[in-house]
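Read through the structure below, which is laid out as C-alpha cells, and then see the notes.
Residue numbers (the numbering used here), protein chains in the order written: chain A, 17 to 768; chain B, 32 to 257.
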C-alpha cells in the first residue's frame, strides 16, 4: 500500500513545504536541517526514515564518538590485529592460520520491556555479527546485571532473560561458556543484558561489509520482513506516515532461533564456496543500515527495488520496510555468475533468498518503490557522517563526599566466630553465591569443544582438534568500583578479565567492551563515561591488548537515577594446547596453596562492605597494570610447565571467596594460615587487585618459588589443600557441607 | 576393517558434527546423511543426533519423523539396522513409533544442562555391549523436553522385558517415569536416550569423562564381528 501521491524524490523536490514528522522519529531540529542541507531539498519519507534510525544514538554513537576515538589513537602495536574497530566485529590472529572474531553488545532496553525476546534477540544479533565476518560461531557469553535479588520485579526479569538466552542460544547449538550475573538495586529499572560471541575462521575466509563491483547482485536472505522492531534503534514508530495503518507495532523484535540456525549453515556453505563478495547482517536499523553501510564501504553505489523484499505483512509502507528490525535476515553481495549457486544453497537450507538490487557505477544509494525513486542519497551521509556531539561533562559534586566515605573505617569482625559468620554471609550473598541455577539452563557442551565453562575463571574452547589450539574469553565489570572512580573502575574491569584469562593458562590478546551508562545529557554521567573510556584506552595501551570493537549503551536511567557506570570488558586469549589449561577446582589433597601478589587494606566498593554494611564509599582498589602483566606471565608459564594444578583469580569477595569456590568445585577443603604482616580480616576479605591463589604440587614448589622470586612476584605460602572444611588456623573452620548449603541455596531460593 | 555409521542432519540438528567426531574417536567411519535424501549410502548403522530439528516446532521430533530419510530409517530399523537416537533423536524415534512412549517438557519447566549420573540397566543391546549391566556412568544431559512418559502397560512391558536401558541415578532431572533415561526395542537394535554420550568421549572436553565412548565402540565391535 502506498500513499497518494508516492513521496518520491521528484515529489519531495516539488513540495518543499511539506511538514515531515522528524521530531516524532527522534531527530533534533538541527539534525533535520542538516539532512535538508545534505540533500539540497527536503527528504522523502523514506529518506527521513533512514536518516532518523541511522543517526540515532544507538547506530551513530553521536554522543560517544569523540571519546571512543581514543581506542584507535592509543591502540598498542599488536601483530594479532587483523580487522579493527568499525567492522561488524574485530578479528584477531590466534596462530596456525586461524583467526578469531569476538564482540560484546547490549540488549538492555528490550530485555526490560520483554525479557525473553529481548534477551533472545540479543544473542541472535551478536551471532549474526560473527557470521557476517565469515566465521563459524563457536561460543557465547552473557554478562548480566539485575536489580536487587529479592525485588519482586527481578523475579519477572531474570527468569525471562535467562530462558531467552537459553532458548535462543541452545537452539543455535552454541555453548554458553561464560559471563556474569550481578545484582544491585541501581539496575532495578535498567537491567543490563549484554551478549558476547566468538567465531573462528581461517585467515583467508575473513569477509567484510562492503559492496563492490558494478553489476554485482544484492541478495536479501533469511526471514521475511515484518512490522516488528520498527524504530527499535531510535524510538517507537510514529503513525504519522499513514494514519490508516494499524496502531503502534511492538518495538521489541521476536526471535526465531531455528531460522537463525539455518542462516548460519547456509551462510557458511556459501562462504566455503567463495560465493560472497561482501556481507552485512540486518540488526539495528534493518535494511537502512545494511544498504547504506554496504554501499558506503564499497567502491560503487547501489540500486535497490524495495518491492522485491519478501514481506510477512503486505501492508507495510516503504518507510516501515526500511526501518523494520525483523530478525534473522542478512544481506550478501554476489557476482552475477554466482547468484544461481547462492540461491541453490539457500534453497537447500529452506532459506528464502531474493535479489533486491545491484551494485552500480555511481556513488548514490537509490531505492525504488512501485516504480518511483524514493531514496537518492550519498550512503556515507547516512552511515558514517551523522551528527557528532561534544556533550558537556563535569565531575559530579557528590564524587568527593562518596570517596571520603571510607570503607576501611567500617567496623570489622573481631573474633574468629564473627569472621566465620561473615564468611558464611558473604559466600551466600546473591552476588557471591553459586549461579548454577542460571548457568545450568544453558548448553555448555554442544559442538564438543568446550574445555572450560562457567564457573571457571574464563571459558575455553578448543579450535583445532589436532594441535589442541584453543581460545579463552572472560568478561568482567564492577559498577561499584566504577561509581567510586570511573577511570580506575574501567581499568579494574580490564585487569580482572585479563587476569581471568591468564589464570586459565591463556595469553590475553585483545579486548572488546560494552559500555553501559546513564543519560549522556547529564554532565555527571558524561563525565563517568569520558573517564571510563580514558581509563580503558590507557589500560589497553599499557597491557598491549587493543580494543577490537564493542558497543555503547546509554540512557540506562530511570528519571534522575542512572545506573552505576558499568563498563563491561571482554578479554580474548589464546592457548597453544588446551591440555595445559588450569581449572579453578582443587585437584589433590596435600598440594600447597600460594597467594600471588600484594594484599593491602582495600575495602572500598568491596563485596564485604556491601554484604555486611550495605555500604558503597571510599576508593576502589589500586590498579597496577605492570603487576597484572607479570602475574599473567607467571600464571601462563606455570600452566605451560605443569607447576600448578589449579588457580583462581582474586576479585570481589577476596581470598576467602576464591578458596571456598575452589574447595567446593573440587570437593576438597583447605587449611589456611594467616601470613605474617596481615590480620585475618584483611587476609580474607581485601579486594586488592593483581592477585591469584594457586595450588602447587609439592614436587614443583621449589621450581615455582624460584620462578616467582626471579621475576619479582610476591608469592606467599598460605596453606594446603586438605580435609573437608575451609579452616583458618586459630580463627574458625567451616565444613564444606555448610559452605555448600550457604553458597548454592541462595539463588534457587530467590528465583526458582 | 571398520564400520560406516551414518549421522542424519535435519534442519536444526546441532550435534551432528560432534556425533561424527565421537564415531571417529571410536575408530569407525562417520557418514553424513541428509534429511531430504532417502538414500542411507549403505551405512551399517545410523545415529539420529541431538538438536532442535525443525525448531522443535509443533512437538519435538514430530516433523523430522516425516522427513524422507526417516522412511528408509524406519523400514531398515524394522529389518534390524542398528539405530541410536540421542536426545532429539530419541524424541524422533518415539514419534516414529520405533520406540514406545514419548517425551514431555521437563517437570521444572526449564532447560537443564548437567553432568548426569546413570545406571546401565541393559548391556545386551547393539549400542551397550561394552558396558556391564549395573555399571554407573556420568553422561552430560541437556534438554527442554526430556520427561519420559508412557502408559502403565507400556511401562510394565518395558520393565518386564528388561528394555529400560538407562536409568537416572541420584537426581531425576526432568520427572521421567521410573527414572527412565533410555530404552531399547525388543530386538535390541534400536536404542534411544536423552543424555548425550557423544559429549563424553574425550578426557579434556566437556565434563572430562569418557563414559560415553562405549556406545560407539559397542556398535563398532558388533558390526565388525558380525
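Glycine is no exception: its CB is placed at the ideal position from the N, C-alpha and C atoms.
Note that the structure is predicted; figures quoted are calculated from it, not measured.
Can you give me the Cβ contacts of residue 668 of chain A inside the same chain, cut-off strictly under 6 Å, excluding the 5 residues immediately before and after it? 623
Consult DSSP for residue 25 of chain A and reduce its assignment to one of helix, strand or coil. helix
Which residue wins for smallest C-alpha separation from residue 458 of chain A, given the options A/470, A/450, A/146? A/470
Neighbourhood of residue 167 of chain A by C-beta, 8 Å cutoff - its chain only, sequence neighbours within 5 removed: 201, 204
How would you list, in chain order, the residues of chain B whose beta-carbon sits under 7 Å from the beta-carbon of residue 278 of chain A? 42
Is residue 763 of chain A helix, strand or coil when you go by DSSP? helix
Chain-ordered residues of the region 437 to 463 of chain A with a beta carbon less than 7 Å from chain B: 456, 457, 458, 459, 460, 461, 462, 463
Taking the beta strand (DSSP E) that residue 722 of chain A belongs to, which residues open and close that run? Note, residue 722 of chain A: premise wrong, no beta strand (DSSP E); alpha helix (DSSP H) at 717 to 727.
So, are the CB atoms of residue 161 of chain A and residue 567 of chain A less than 9 Å apart? no
Own chain, CB closer than 6 Å to residue 78 of chain B, minus 5 neighbours either side, in chain order: 38, 50, 115
Of all Cβ atoms in chain B, is any one closer than 9 Å to the Cβ of residue 470 of chain A? no
Determine, using beta carbons only, whether residue 183 of chain A comes closer than 9 Å to chain B. yes
Tell me, which residues are paired with residue 196 of chain A by DSSP? A/159
Roughly how many angstroms lie between the CA atoms of residue 476 of chain A and residue 73 of chain A, to the nearest whole one? 34 Å
Proximal residues, the region 340 to 373 of chain A versus chain B, C-beta separation under 7 Å: 365, 366
Kindly list the residues whose CB is nearer than 7 Å to the CB of residue 221 of chain B, restricted to its own chain and excluding five residues on each side of it in sequence; keep chain order. 108, 114, 124, 129, 130, 215
Under the rule that 16 or more other beta-carbon atoms within 10 Å means buried, what is residue 260 of chain A, buried or exposed? With a pLDDT of 43 at residue 260 of chain A, under the threshold of 50, the predicted position of this residue should be treated as unreliable, and no value is reported.
Under 9 Å from the C-beta of residue 197 of chain A: neighbouring residues of chain B: Within chain B, no residue comes near residue 197 of chain A; the closest Cβ sits about 15 Å away, beyond 9 Å.
Taking a cut of 7 Å between CB atoms, which residues from the region 138 to 168 of chain B lie near chain A? 141, 142, 143, 144, 145
Check whether the region 88 to 97 of chain A touches the region 427 to 434 of chain A, counting contact only when three or more Cβ pairs, one atom from each stretch, lie closer than 8 Å. no
Note down, in chain order, every chain C residue with its Cβ under 9 Å from the Cβ of residue 118 of chain A. Protein chains in the displayed structure are A and B, and chain C is not among them.
In whole angstroms, give me the CA-to-CA distance for residue 35 of chain B and residue 76 of chain B. 7 Å
With C-beta atoms as the reference, is residue 92 of chain A less than 9 Å away from residue 561 of chain A? yes
For a cutoff of 9 Å on Cβ pairs, would you count residue 53 of chain B as touching chain A? yes
Label residue 52 of chain B either buried or exposed according to how many other C-beta atoms from any shown protein chain fall within 10 Å of its C-beta, with 16 as the threshold for buried. buried
Short CB-CB distance (under 9 Å) between residue 260 of chain A and chain B: Reliability of the predicted coordinates at residue 260 of chain A is poor, the pLDDT of 43 falling under 50, and the value obtained from them is presented with this limitation in mind. Not closer than 9 Å to any Cβ of chain B, the Cβ of residue 260 of chain A fails to qualify, so no.
7 Å Cβ shell around residue 113 of chain A - same chain, five flanking residues per side excluded: 218, 219
Return the chain-ordered list of same chain residues with a C-beta closer than 7 Å to the C-beta of residue 418 of chain A, the five sequence neighbours on each side being excluded. 500, 633
If you count every other CB in all the chains shown that lies within 10 Å of the CB of residue 256 of chain A, and 16 or more means buried, which is it? At residue 256 of chain A the pLDDT is 35, less than 50, meaning the model places this residue with poor confidence and gives no usable figure here.
In this structure, does DSSP put residue 356 of chain A in helix, strand or coil? helix
Could you work out which residues of chain B lie near residue 478 of chain A, taking near to mean beta carbons separated by less than 8 Å? 235, 236
For the beta strand (DSSP E) containing residue 169 of chain B, list its first residue and its last residue. 167 to 174
Smallest Cα separation from residue 675 of chain A: which of A/740, A/400, A/655? A/740
State the Cα-Cα distance for the pair residue 752 of chain A and residue 291 of chain A, rounded to the nearest angstrom. 58 Å
Could you check whether the Cβ of residue 34 of chain B sits closer than 8 Å to any heavy atom belonging to the ligand FMN? Ligands in the displayed structure: none, and consequently the ligand FMN is not present.
Exposure of residue 256 of chain B, with buried meaning 16 or more beta-carbon neighbours within 10 Å: exposed
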